[in-house]
Every structure is written in C-alpha cells, then in structure tokens.
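Participant: Right, I'll just put the structure down here and ask away after.
Number of protein chains: 2
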Amino acid sequence: MTTTEAPPGSLPGTARAARPQERTAQRRRAILDAATRVFGERGYNNGSLVEIAEIVGITHAGVLHHFGSKEQLLLAVLAHRDEVDIERLATQQRPVGAEFLSHLVATAQANTERSGIVQTYAVLAAESVTGDHPAQEFFRGRFAVLRGDVADALGLTVGAPASDERVVAAASAIIAVMDGLQVQWLLDAETVAMPDTLRFVIDAIVESLRRSVAATP
Amino acid sequence: MTTTEAPPGSLPGTARAARPQERTAQRRRAILDAATRVFGERGYNNGSLVEIAEIVGITHAGVLHHFGSKEQLLLAVLAHRDEVDIERLATQQRPVGAEFLSHLVATAQANTERSGIVQTYAVLAAESVTGDHPAQEFFRGRFAVLRGDVADALGLTVGAPASDERVVAAASAIIAVMDGLQVQWLLDAETVAMPDTLRFVIDAIVESLRRSVAATP
DNA sequence: GTCTATATCGTGATAGAC
DNA sequence: GTCTATCACGATATAGAC
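Those protein sequences? They're chains A and B, same order as listed.
Be aware that the first sequence starts at 1, since it is given in UniProt numbering, and climbs by one per residue.
Be aware that the second sequence starts at 1, since it is given in UniProt numbering, and climbs by one per residue.
What follows is the structure, encoded as structure tokens:
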C-alpha cells in the first residue's frame with residue numbers, strides 16, 4: 001500500500017486535497033503498528049527507525065517527520081496501546097470484583113494468540129528499569145494503576161478494603177505472575193500454560209486472602 | 001587499582017613472571033564485575049565495551065583481548081553468576097523441600113540489598129526473548145532447571161510427584177512471581193515488598209496444592 | 001597484556017529539493 | 001509529505017607497536 005490513490009468515496013478533482021489529515025492519520029497508524037512490532041522484536045534500544053520505515057515503505061526521515069524523534073515514537077506506541085485497550089473496555093462496561101479477575105485470565109488466554117503484543121510489553125517493561133529509559137515513567141504509572149485496579153477487585157471479592165496491605169500485596173503478586181509467566185512462555189510456549197496457571201494462582205490467593213481477612217479483619 | 005605492582009608474596013626478581021595467569025585471572029574477574037554492572041544498568045544492547053573498559057581502567061581493546069567479543073563477554077558474565085551461586089550452594093548443603101522454598105524467600109530478602117544484581121538479571125532475562133539474542137538459550141535452560149528444582153521442593157512439601165502437572169504449574173508460578181515482583185520493585189521500591197509478598201504467595205500456593213492433591217492424588 | 005590507530009558500520013537527526 | 005544527502009557520533013572489531 002504505497003500508492004497514492006484518493007480515499008474511497010471522495011469526488012474526482014477534490015481527491016488530493018479532500019482529506020489530507022485522514023491519509024496522514026492512516027500513515028501514522030501504519031508507523032505505530034510497525035514500531036510496535038519492531039520494538040517488540042528487538043527492544044527499544046536495538047530497534048531502528050530504518051527498519052520501521054522499511055516496513056511502512058518510506059525512509060526513516062519520513063518517520064521522523066511524523067513523530068519528531070525515536071523517543072517520542074516510543075511514547076506514542078505505548079499511548080496508542082493504552083487507547084486501544086481503553087476502547088475495548090469502554091465498549092463493554094468494565095467488569096468489577098471477581099469478574100475483573102476472570103477478565104485477567106481471559107486476557108492471558110487471548111494473549112496466547114498474539115505473542116507480538118506480549119513480547120512488546122514484556123521487553124519494554126523490563127528495559128524501562130534501566131538508566132533513564134524514556135518509558136520509565138510510563139511503566140511506573142501503569143503498574144501503580146494496575147495494582148489499584150486489581151486491589152479494588154480483590155477487596156470486593158474477599159470483603160476487605162482495597163487499601164488493606166495484604167490486599168495490595170496480593171494485587172502486586174497477581175500482576176507479577178502475569179508478567180513473569182509471559183517471559184517464561186515467550187521462551188518456552190509448550191511448557192508454560194499461562195491462563196491455567198494464572199487461574200490457579202488467583203484462586204489460591206483469593207482463598208488465602210479470604211481466610212486471612214476472616215481471621216483478622 | 002590501575003598500577004602494576006607484583007602480587008603480594010611474590011619474590012623480587014621473579015615478580016613479573018611469577019604468576020602471570022593469576023594476574024590475568026584477576027583482570028578477567030574485574031572485567032566481569034564491571035560488565036555485570038554495565039549490562040544491568042543499560043542492558044546488553046545499550047551497554048558498551050568502552051564503558052566497561054573505563055571502569056576497569058583499560059581501553060575497550062583490552063577487554064576484547066580477554067573475551068574475544070561482546071557476545072562472549074555476556075555469556076561469561078552469566079556463567080560467572082551461576083558459578084558464584086553454585087559455590088554458595090555447595091558450601092552449605094542444598095536445602096530441600098519446604099526449606100528450599102524458605103530459601104527462595106531469604107534470597108528475595110537478600111536481593112533487596114543488591115538492586116544491581118536484580119536489575120542485571122531482570123533486564124537480561126526479558127531482553128533475551130528478542131530476535132536471536134545471545135542469552136536466549138541460557139535463560140531457556142535456566143528457567144527449565146529452576147522449574148524442576150522448585151517442582152521438586154513443592155512435590156516433597158505437599159506429597160505429590162514433581163512431575164504432576166499441577167505441581168509444575170505451581171513451580172512456574174512461583175518463579176514468575178519472583179521475576180515479576182523484581183520489575184515492579186525496581187520501578188517502585190517503596191510500594192513493593194518483595195519478600196513478604198513472595199512468602200504470602202508461596203504459602204497460598206502450597207496450601208491450595210495440598211488441598212488439590214488430597215482431593216485427587 | 002595493553003596501548004594507539006584505524007577500519008567499517010549503523011545510528012538518530014537535520015537541511016533542503018521536489 | 002516524502003525524498004536524497006549529509007552530518008556527527010558511537011559502536012564493535014582488527015592490526016600492529018611497545
């Protein structure tokens with residue numbers, strides 16, 4: 001798709017200037033998709049603008065025209081992935097409590113069919129802890145929000161405030177299992193059963209938490 | 001320590017040729033330490049031989065003289081870390097069963113005082129899933145061995161064969177929690193309590209496993 | 001065993017033509 | 001909006017002097 005035909009539905013004669021911002025938006029999205037793939041396959045440091053540009057069918061100068069710098073491109077990739085996720089959550093109303101926890105398992109199940117996204121996330125999250133990585137703030141914030149969401153769901157499920165430190169620790173643990181399993185699965189997909197293992201751990205944690213809260217609320 | 005004095009205890013006159021292989025071994029160890037630090041702080045791709053050499057007090061050509069290439073240096077770093085761990089395990093006899101699981105918690109506790117090692121491990125493990133990363137085989141094998149060890153300990157603890165798939169899944173999960181918590185902790189040390197959280201999860205998993213095995217052995 | 005010097009390459013970024 | 005051309009920089013690796 002490197003030709004420059006008019007967008008479908010546009011009138012002849014008005015084609016070129018009709019919706020320039022629309023074609024630009026398409027290009028940007030194509031670049032974002034390519035960048036997501038490359039950063040996932042090679043990491044941020046090792047991924048190159050030239051490779052991203054080649055996938056889209058332009059030169060690396062074209063990529064920089066749209067995003068200014070490699071760093072801004074990375075942040076756009078991460079923001080874009082969040083937007084997509086939010087859209088999906090907005091369509092169906094957001095699950096709460098135990099349903100939210102089941103939703104995590106369903107996500108793990110879905111992830112077994114899209115190793116690209118999983119790898120992008122896993123590689124960039126770990127890479128972000130180095131030096132002054134551009135995505136460091138992003139992931140710090142992301143984990144904080146995620147811990148809050150999982151703690152809310154756990155609190156609702158076991159009947160304890162989400163601020164209870166045992167609940168918060170359990171939330172950290174569930175997120176940690178998801179991330180840790182992803183790395184193991186990426187290295188050895190046949191041995192590691194992500195969704196089943198996650199289901200098992202969540203059940204074990206909820207059960208243990210329930211007991212603990214019942215004993216000393 | 002960039003001077004070239006004779007090793008302590010060597011006789012005058014025989015100093016220079018006395019134990020050349022010993023000084024070389026010291027140099028190699030110094031390079032390994034520096035490389036461990038740099039690869040941890042910056043990742044493998046982003047870490048540079050020049051920076052490693054500067055820490056040791058030589059040029060990057062000197063580093064290459066000892067290790068041949070950057071890739072071989074990385075593999076030497078990983079092998080060296082394993083040797084150190086094995087030595088420590090060989091000194092005290094290896095803990096088994098529930099004691100081995102407690103040993104994992106103790107390790108997590110010790111890790112809170114050495115973020116450098118933790119970061120090296122976390123960053124390299126995730127980076128290793130990319131493309132044809134030189135450490136990919138190393139980490140694949142490492143996870144396999146680790147899963148086996150934890151499964152052995154779990155099997156002994158709950159009275160089930162280590163080959164039981166529920167036991168293996170539980171072993172994957174425990175390793176995943178350790179790794180996932182490390183990333184969260186590196187990004188936000190104040191919020192994430194590694195050892196306590198790990199203890200909680202291991203207890204929950206063991207308890208759940210015990211129940212499951214008792215129901216259907 | 002370590003140095004200096006150099007080869008070779010790839011990177012991100014900029015400038016200006018079209 | 002995308003191109004070509006070029007820049008400045010840093011990387012790994014090699015060759016040869018000392």
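Ideal placement from N, C-alpha and C gives every residue a C-beta, glycine not left out.
Classify threonine 36 of chain B: buried if its beta carbon has 16 or more other beta carbons within 10 angstroms, exposed otherwise.
Facilitator: Numbered from its first residue, the second sequence carries residue 36 of chain B at position 36. The residue in question, threonine 36 of chain B, is buried, as its Cβ has 16 or more Cβ neighbours within 10 Å.
Participant: Measuring straight from C-alpha to C-alpha, what distance separates glycine 180 of chain B and valine 177 of chain A?
Facilitator: Position 180 of the second sequence, counted from the start, is the residue given in the question as residue 180 of chain B. Position 177 of the first sequence, counted from the start, is the residue given in the question as residue 177 of chain A. When rounded, the distance between both Cα atoms is 6 Å.
Participant: I believe isoleucine 174 of chain B touches valine 192 of chain B by the beta-carbon criterion, under 8 Å. Please report the beta-carbon distance rounded to the nearest angstrom.
Facilitator: Taking the second sequence and counting its residues from 1, the one referred to as residue 174 of chain B is at position 174. Taking the second sequence and counting its residues from 1, the one referred to as residue 192 of chain B is at position 192. Their Cβ separation, rounded to whole angstroms, is 17 Å, which puts isoleucine 174 of chain B and valine 192 of chain B out of contact at 8 Å.
Participant: Could you tell me whether the Cβ of isoleucine 175 of chain A comes closer than 8 Å to any Cβ of chain B?
Facilitator: The residue labelled residue 175 of chain A in the question sits at position 175 within the first sequence. Cβ-Cβ to chain B under 8 Å: yes for isoleucine 175 of chain A.
Participant: Would you mind giving the Cβ-Cβ distance between threonine 120 of chain B and valine 123 of chain A, rounded to the nearest angstrom? I have them listed as a contact below 8 Å.
Facilitator: Within the second sequence, residue 120 of chain B is the residue found at index 120, counting from 1. Within the first sequence, residue 123 of chain A is the residue found at index 123, counting from 1. Rounded, the Cβ-Cβ distance is 16 Å, inconsistent with contact.
Participant: Just checking my contact of arginine 199 of chain A with valine 105 of chain A at CB under 8 Å: how many whole Å lie between their CB atoms?
Facilitator: Counted from its first residue, the first sequence places residue 199 of chain A at position 199. Counted from its first residue, the first sequence places residue 105 of chain A at position 105. Between valine 105 of chain A and arginine 199 of chain A the Cβ distance is about 5 Å, and since that is below 8 Å, they are a contact.
Participant: What first and last residue would you give for the alpha helix (DSSP H) that runs through serine 102 of chain A?
Facilitator: Counting from one through the first sequence, the residue named residue 102 of chain A turns up at place 102. Segment 98-111, the alpha helix (DSSP H) holding serine 102 of chain A.
Participant: Run through DSSP, which three-state label would serine 115 of chain A get?
Facilitator: Residue 115 of chain A sits at position 115 when you count from the first residue of the first sequence. In this structure, serine 115 of chain A counts as helix in the three-state DSSP scheme.
Participant: Please report the residue range of the alpha helix (DSSP H) in which valine 129 of chain B lies.
Facilitator: Reading the second sequence from its first residue, position 129 is the one you call residue 129 of chain B. Premise fails: valine 129 of chain B is in no alpha helix (DSSP H) and is neither H nor E.
Participant: Would you call the segment 205-214 of chain A and the segment 39-47 of chain B touching, i.e. three or more CB-CB distances under 8 Å?
Facilitator: No: the two stretches stay apart, fewer than three of their Cβ pairs being nearer than 8 Å.
Participant: Could you work out which residue in B/Val38, B/Ala53, B/Glu54 and B/Trp185 is closest to glycine 47 of chain B when comparing CA atoms only?
Facilitator: Position 47 of the second sequence, counting from 1, holds the residue named residue 47 of chain B. When only C-alpha atoms are compared, the closest one is B/Val38.
Participant: Quick one: what does DSSP say leucine 11 of chain A is sitting in, helix, strand or coil?
Facilitator: Your numbering for residue 11 of chain A matches position 11 in the first sequence. For leucine 11 of chain A, the predicted structure reports a pLDDT of 44, less than 50, and the residue's modelled location is therefore unreliable. A value from the coordinates is still provided. Three-state result, leucine 11 of chain A: coil.
Participant: Less than 6 Å between C-beta atoms, sequence neighbours within five positions excluded: which residues of the same chain meet that for arginine 210 of chain B?
Facilitator: Within the second sequence, numbered from 1, the residue matching residue 210 of chain B stands at position 210. Once the five neighbours on either side are set aside, the close Cβ partners of arginine 210 of chain B are Val158.
Participant: Just tell me which of A/Leu75, A/Leu146 and A/Ala189 has its CA closest to the CA of serine 115 of chain A.
Facilitator: If you number the first sequence from 1, residue 115 of chain A lands on position 115. Of the listed residues, the one whose Cα sits closest to serine 115 of chain A is A/Ala189.
Participant: Compare the Cα-Cα distances from valine 206 of chain B to each of B/Asp152, B/Gly62 and B/Glu113 and report the closest residue.
Facilitator: The sequence position of residue 206 of chain B within the second sequence is 206, counting from 1. Valine 206 of chain B has its Cα closest to that of B/Asp152, out of B/Asp152, B/Gly62 and B/Glu113.
Participant: Sort A/Asn111, A/Pro134, A/Ala169 and A/Val96 by Cα distance to leucine 73 of chain A and report the nearest one.
Facilitator: What you label residue 73 of chain A is simply residue 73 of the first sequence in a count that begins at 1. Considering only alpha carbons, the answer is A/Pro134.
Participant: At what residues does the alpha helix (DSSP H) containing alanine 76 of chain A begin and finish?
Facilitator: Residue mapping note: residue 76 of chain A aligns to position 76 of the first sequence, counting from 1. Note, alanine 76 of chain A: alpha helix (DSSP H), 70-91.
Participant: Using a Cβ-Cβ distance under 8 Å, would glutamate 127 of chain B count as near chain A?
Facilitator: Translated into the one-based positions of the second sequence, residue 127 of chain B becomes position 127. It does: the Cβ of glutamate 127 of chain B has a partner Cβ on chain A nearer than 8 Å.
Participant: DSSP three-state call for proline 217 of chain A: helix, strand or coil?
Facilitator: In the first sequence, the residue the question calls residue 217 of chain A occupies position 217. In this structure, proline 217 of chain A counts as coil in the three-state DSSP scheme.
Participant: According to DSSP, is valine 192 of chain A part of a helix, a strand, or is it coil?
Facilitator: One-based indexing of the first sequence puts residue 192 of chain A at position 192. The answer is coil: DSSP assigns valine 192 of chain A none of H, G, I, E or B.
Participant: Tell me the residue span of the alpha helix (DSSP H) that contains glycine 180 of chain A.
Facilitator: For the purposes of this step, residue 180 of chain A is identified with residue 180 of the first sequence, where counting begins at 1. Start and end: 165-187.
Participant: Reducing DSSP to helix, strand and coil, say where proline 20 of chain B ends up.
Facilitator: For the purposes of this step, residue 20 of chain B is identified with residue 20 of the second sequence, where counting begins at 1. Proline 20 of chain B: helix per DSSP, three-state reduction.
Participant: Who are the near neighbours of alanine 30 of chain B in its chain, counting only those whose CB is closer than 7 Å to its CB and skipping five residues on each side?
Facilitator: The residue given as residue 30 of chain B occupies position 30 in the second sequence. The residues are Val56.
Participant: Over the uninterrupted alpha helix (DSSP H) stretch that includes isoleucine 55 of chain A, give me the two end residues.
Facilitator: For the purposes of this step, residue 55 of chain A is taken as residue 55 along the first sequence, with counting starting at 1. Its alpha helix (DSSP H) spans residues 49-56.
Participant: With DSSP collapsed to three states, give me the class of residue 220 of chain A.
Facilitator: Nothing can be reported for residue 220 of chain A, as the shown portion of chain A is limited to 1 through 217.
Participant: Measure the alpha-carbon distance for glutamate 137 of chain B versus serine 69 of chain B and round it to whole angstroms.
Facilitator: Residue 137 of chain B sits at position 137 when you count from the first residue of the second sequence. Residue 69 of chain B sits at position 69 when you count from the first residue of the second sequence. About 18 Å.
Participant: Nearest CA to the CA of glutamine 182 of chain B: which residue from B/Val167, B/Gly141, B/Phe139 and B/Ala108?
Facilitator: The residue given as residue 182 of chain B occupies position 182 in the second sequence. Cα-wise, what sits closest to glutamine 182 of chain B is B/Ala108.
Participant: Let me see if you follow: with CB-CB separation under 8 Å, is glutamine 92 of chain B close to chain A or not?
Facilitator: Mapped onto the second sequence, residue 92 of chain B falls at position 92. Not one chain A Cβ lies under 8 Å of glutamine 92 of chain B.
Participant: Taking any Cβ of chain B, which residues in the segment 116-150 of chain A have a Cβ under 8 Å from it, in chain order?
Facilitator: For the segment 116-150 of chain A, which is checked against every Cβ of chain B, the residues closer than 8 Å are Gln119, Ala122, Val123, Ala125, Ala126, Glu127, Ser128, Val129, Thr130, Gly131, Gln136, Phe139, Arg140, Phe143, Ala144 and Arg147.
Participant: Among A/Ala170, A/Ala126 and A/Ala144, which one has its Cα closest to the Cα of aspartate 203 of chain B?
Facilitator: Within the second sequence, the letter at position 203 stands for residue 203 of chain B. Considering only alpha carbons, the answer is A/Ala170.
Participant: Starting from glycine 62 of chain A, trace the alpha helix (DSSP H) in both directions and tell me its first and last residue.
Facilitator: Here residue 62 of chain A corresponds to residue number 62 of the first sequence, with the count starting at 1. Its alpha helix (DSSP H) spans residues 60-67.
Participant: Can you tell me where the alpha helix (DSSP H) with alanine 144 of chain B in it begins and where it stops?
Facilitator: As a working mapping, residue 144 of chain B is identified with position 144 in the second sequence. Per DSSP, alanine 144 of chain B belongs to the alpha helix (DSSP H) from 136-158.
Participant: Give every residue of the same chain whose Cβ lies closer than 6 Å to the Cβ of glutamine 184 of chain A, excluding the five residues on either side of it in the sequence, and list them in chain order.
Facilitator: Counted from its first residue, the first sequence places residue 184 of chain A at position 184. Hits under 6 Å: Val192.
Participant: Under the three-state reduction of DSSP, which class applies to residue 232 of chain A: helix, strand or coil?
Facilitator: Because residue 232 of chain A is not part of the residues shown, which for chain A are 1 to 217, the question remains open.
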